[in-house]
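Scroll down for the structure; my scribbles are underneath it.
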Amino acid sequence: MAEIVLEGITKRYPDGAVAVKDVNLSVGDGEFVILVGPSGCGKSTTLNMIAGLEDITEGTLRIDGQVVNDKTPKDRDIAMVFQSYALYPHMSVRDNMGFALRLAKVDKATIREKVEEAARILDLTEHLDRKPANLSGGQRQRVAMGRAIVRDPKAFLMDEPLSNLDAKLRVQMRTQISRLQQRLGSTTIYVTHDQTEAMTLGDRVVVMRGGVVQQIGTPQHLYDQPENLFVAGFIGSPAMNFLHATLEEGRLRTSVGDLGLGDRLRRALERHDAPRDLIVGLRPEAFEDAALVDRGKIGSGTTFGVDIDVVESLGSDVYAYFTEDEWQPTATSELAELAADSGTADTGAGGHQIVTRLNASTQVREGSRAELWVDTTKMHVFDPASGANLTLSEEPAD
Amino acid sequence: MTQSAPTAPQDAQAPKGNRPLSEGARQERRLGWMLCAPAVIVMLAVTAYPIVYAVYLSLQRYDLRFPQQAEFVGLSNYGAVLSSEFWWEALWVTVFITLVSVAVELVLGFALALVMHRAIFGRGTVRTAILVPYGIVTVVAAYSWQYAWTPDTGYLAALLPSGSAPLTEHWPAIGLIILAEVWKTTPFMALLLLAGLALVPEETLRAAQVDGAGAWQRFFLVTVPLMKPAILVALLFRTLDAFRIFDNIYILTSGAHGTGSVSILGYDNLFTALNLGIGSAISVLIFLCVALIAFAFIKLFGAAAPGAQEGGR
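Protein chains in written order, with our numbering: chain A, 1 to 398; chain B, 1 to 313.
Laid out in structure tokens, this is it:
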């Protein structure tokens, strides 16, 4: 296993289009790093450049301390798992898994041994002599993993390996991949467009947009301290709610009411010399049914009345939705892209939906008015022009 | 194709085993037969009848110069053909031309298919240019080859030492016939192989690349096996066509100097010598050879052969 270092990696196509711009990333030995972003953000291109399937226009790529920019995939000693699994349909599972070793001229007994061990780990022993066409989706996925494992490569690259599976199997395989990665201690770079996968699998997550890295950090760090609107809106499910706000007399005036600024926020906004028009970001769990909030705590937030449209009870929590009319989703390109990615741009729902996550014991009912409370200490404030988060307390730590 | 159509309704019935058909199924079956009927009737008229008639003629002594002497002679025409050195020489020439031209076409066709598949710019132009020979009538092309190789007037003959007339010598003439055949039909091979190349997923090739396969290994260990059905279709079509080679030989040498194929032999007996009995026997033998080739392809290549179940992939 090895360390992978990207320095100023850029991909420019002959027609001038830039797919990936100045990516700097250092993946430690045995680390599990996720590249995540909406389609077309350059994550797969980055992975292909690491694999050697695409040329690097600028920058240096080091694997295990060695510059490998001009090396063929064969000489980089990395294994890759593809979205379509890309199994060889004319070969048995055994031959699929042993193909790389056969090309490397490893002797037959060793190939057999390694393939059978990988098959044992992945529970594929009884399928070794079958053709991929006779396997289920999950089994094929495991064969693709097995093909990577037998080689004992310096690193694993995975390009959306779970997106062809159905939802239930995806969750199972997710834990299996996680367990496998820990067991093998392998350096892994994993590409996905699914932020849930990114949050649950990765040691660190790299959020990309339009070929540019937006933020690198642990899942929790990205969730708590998003550096910009895009990361804030992309990470988290349900997504963060955004509201237009104007800064007046030390308060943020929004369509749901005036939100008070705590000392920390006020200082942060002053430090950044915040403009008058701002965007406020509130995660669903920042809201609560006002009736259920402790007396002592209620002062640290704002209480407001809304008409609840929809209530979804999940048993453990209740999601309550209400509509806010002042919102213009295309106000910034980040939010427009987020809306397009999440599909909310296409639903044609009138107005802007705000999602709140309330305690299961709430009495909020569909179609009735409710008093909600929002914890303003958990509020993020963004500059609409640059998209930057103005409320980050410290300089972001990796 | 058309022959398999009438069996379709039976296939539909197969899973039901021997249980009596429901009214709906019976109606569907009747509709199936009715939809197939026009094609079946046309096929019977234009193929089955001539084949049966040729078999009938091949069992007669029937020389158009002496029509009164026509009589049933059993298999003696076949005996005459199979014991004649002309048949065996023509068969050998035909097999040689078939094997060499199909082999060369496969290699060239693959090269052209890869060029068409990988062409980044001028895709349309490249494809058109490659397909031009296939768009020219065989007889026209054959005449232009004939002029080109004729001493004194031909531009290609002019490149040879003076006094040489390649079309009048056995091996050079066969070589030129093969050249004309290859030039003419390689584009067809390339087109069929191009369709096959589209069957090979890009990601599978990338996976092979990451697995450490070089360009040749990717081609022979991944591309070719995945294209096997398409390759077999191309080979089968071309072999059957090449075995019946006629026009190129007819124009270039008329079968002189030991260059006649079995089709030329049949033509000579039928239309020059007007011996319908012997000529029909030759035609039936050619038909049997073609059937044998098709059968061998299906048998040898098993499940991956065209027409077999798509279980090969």
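Note that CB positions come from ideal geometry on N, CA and C, so glycine has one too. Note that the coordinates shown come from a computational prediction; the quantities given were computed from them, not determined experimentally.
Contact check, residue i vs residue j, beta carbons under 9 angstroms
i: valine 81 of chain A; j: glycine 98 of chain A; result: no
i: leucine 243 of chain A; j: isoleucine 354 of chain A; result: yes
i: leucine 240 of chain B; j: phenylalanine 86 of chain B; result: no
i: isoleucine 308 of chain A; j: isoleucine 189 of chain A; result: no
i: alanine 274 of chain A; j: leucine 247 of chain A; result: yes
i: glycine 301 of chain A; j: threonine 377 of chain A; result: yes
i: glycine 89 of chain A; j: arginine 209 of chain A; result: First, the residue type needs correcting, since residue 89 of chain A is proline and not glycine in the sequence shown. Going by C-beta atoms, proline 89 of chain A is not nearer than 9 angstroms to arginine 209 of chain A.
i: leucine 57 of chain B; j: glycine 279 of chain B; result: yes
i: phenylalanine 243 of chain B; j: valine 95 of chain B; result: yes
i: alanine 155 of chain A; j: alanine 79 of chain A; result: yes
i: alanine 158 of chain B; j: glycine 196 of chain B; result: no
i: valine 93 of chain A; j: arginine 120 of chain A; result: no
i: leucine 338 of chain A; j: glycine 233 of chain A; result: yes
i: alanine 286 of chain A; j: aspartate 224 of chain A; result: no
i: alanine 119 of chain B; j: alanine 180 of chain B; result: no
i: glycine 52 of chain A; j: glutamine 146 of chain B; result: no
i: tyrosine 78 of chain B; j: alanine 70 of chain B; result: no
With 16 other Cβ atoms within 10 Å as the buried cut-off, status of residue i
i: lysine 297 of chain A; result: exposed
i: serine 101 of chain B; result: buried
i: glutamine 10 of chain B; result: Note that glutamine 10 of chain B scores a pLDDT of 45, beneath 50, so its modelled location is shaky and nothing firm can be said.
i: threonine 272 of chain B; result: exposed
i: tryptophan 33 of chain B; result: exposed
i: threonine 128 of chain B; result: exposed
i: valine 36 of chain A; result: buried
i: proline 14 of chain A; result: exposed
i: glycine 146 of chain A; result: buried
i: isoleucine 177 of chain B; result: buried
i: valine 150 of chain A; result: buried
i: valine 306 of chain A; result: buried
For residue j and residue i, the rounded distance between their alpha carbons
i: alanine 370 of chain A; j: histidine 127 of chain A; result: 57 angstroms
i: valine 5 of chain A; j: arginine 76 of chain A; result: 13 angstroms
i: leucine 75 of chain B; j: alanine 37 of chain B; result: 35 angstroms
i: histidine 117 of chain B; j: leucine 194 of chain B; result: 7 angstroms
i: proline 15 of chain B; j: alanine 190 of chain B; result: With a pLDDT of 48 at proline 15 of chain B, under the threshold of 50, the predicted position of this residue should be treated as unreliable, and no value is reported.
i: phenylalanine 289 of chain B; j: proline 73 of chain A; result: Sequence check: residue 289 of chain B is cysteine here, not phenylalanine. Each residue's alpha carbon lies about 49 angstroms from the other.
i: proline 384 of chain A; j: asparagine 69 of chain A; result: 39 angstroms
i: phenylalanine 246 of chain B; j: leucine 221 of chain B; result: 37 angstroms
i: glycine 28 of chain A; j: threonine 10 of chain A; result: 21 angstroms
i: isoleucine 298 of chain B; j: alanine 234 of chain B; result: 13 angstroms
i: glutamate 169 of chain B; j: histidine 257 of chain B; result: 6 angstroms
i: arginine 204 of chain A; j: proline 225 of chain B; result: 41 angstroms
i: threonine 125 of chain A; j: arginine 140 of chain A; result: 13 angstroms
i: glycine 277 of chain B; j: alanine 80 of chain B; result: 10 angstroms
i: glycine 135 of chain B; j: glutamine 83 of chain A; result: 42 angstroms
i: asparagine 164 of chain A; j: arginine 142 of chain A; result: 12 angstroms
i: aspartate 159 of chain A; j: glutamate 23 of chain B; result: 53 angstroms
i: leucine 390 of chain A; j: leucine 278 of chain A; result: 10 angstroms
i: proline 153 of chain A; j: leucine 201 of chain A; result: 20 angstroms
i: aspartate 258 of chain A; j: arginine 271 of chain A; result: 22 angstroms
i: glutamine 13 of chain B; j: leucine 35 of chain B; result: In this prediction, glutamine 13 of chain B has a pLDDT of 43, which is less than 50 and means its spatial position is unreliable; what the coordinates show is noted afterwards. Roughly 17 angstroms between the two C-alpha positions.
i: aspartate 64 of chain A; j: threonine 45 of chain A; result: 21 angstroms
i: alanine 308 of chain B; j: phenylalanine 237 of chain B; result: The predicted position of alanine 308 of chain B is uncertain, since its pLDDT is 45 and thus under 50; a value taken from the coordinates is nonetheless stated next. Whole-angstrom Cα-Cα distance: 15 angstroms.
i: leucine 135 of chain A; j: lysine 43 of chain A; result: 29 angstroms
i: aspartate 211 of chain B; j: arginine 179 of chain A; result: 24 angstroms
Interface flag, residue i vs chain D, CB-CB below 9 angstroms
i: glycine 212 of chain B; result: The question asks about chain D, but that chain is absent: this structure's protein chains are A and B.
Contacts of residue i in chain B (Cβ-Cβ under 7 angstroms)
i: proline 73 of chain A; result: Gln209, Val210
i: alanine 100 of chain A; result: Asp211, Gly212
Closer than 7 angstroms at the beta carbon, the chain A residues around residue i
i: proline 201 of chain B; result: Ser84, Ala86
i: valine 222 of chain B; result: Tyr88
Neighbouring residues, chain A, relative to residue i (Cβ below 9 angstroms)
i: glutamine 217 of chain B; result: Leu103
i: arginine 206 of chain B; result: Asn48, Ala51, Leu53, Pro73, Met80, Phe82, Ala86
Close Cβ partners of residue i (< 6 angstroms) along its chain, the five nearest in sequence each way excluded
i: glycine 260 of chain B; result: Ala90
i: phenylalanine 287 of chain B; result: none
i: alanine 198 of chain A; result: Ile34, Val36, Thr192, Val205
i: alanine 388 of chain A; result: Asn228
i: proline 151 of chain B; result: Ala157, Ala165
i: proline 133 of chain B; result: Trp183, Lys184, Pro187
i: alanine 245 of chain A; result: Leu252, Thr254, Leu278, Val280
Neighbourhood of residue i by C-beta distance below 8 angstroms, restricted to the same chain and skipping five residues each side
i: arginine 65 of chain B; result: Leu274
i: isoleucine 130 of chain B; result: Leu112, Val115, Met116, Pro187, Ala190
Close-in-space but distant-in-sequence residues of the same chain around residue i (CB under 7 angstroms, 5 per side omitted)
i: valine 284 of chain B; result: Ala54, Val55, Ser58
Residue i: contacting residues in chain B (beta-carbon distance under 8 angstroms)
i: alanine 2 of chain A; result: Within 8 angstroms Cβ-Cβ: nothing; alanine 2 of chain A doesn't reach chain B, min ~16 angstroms.
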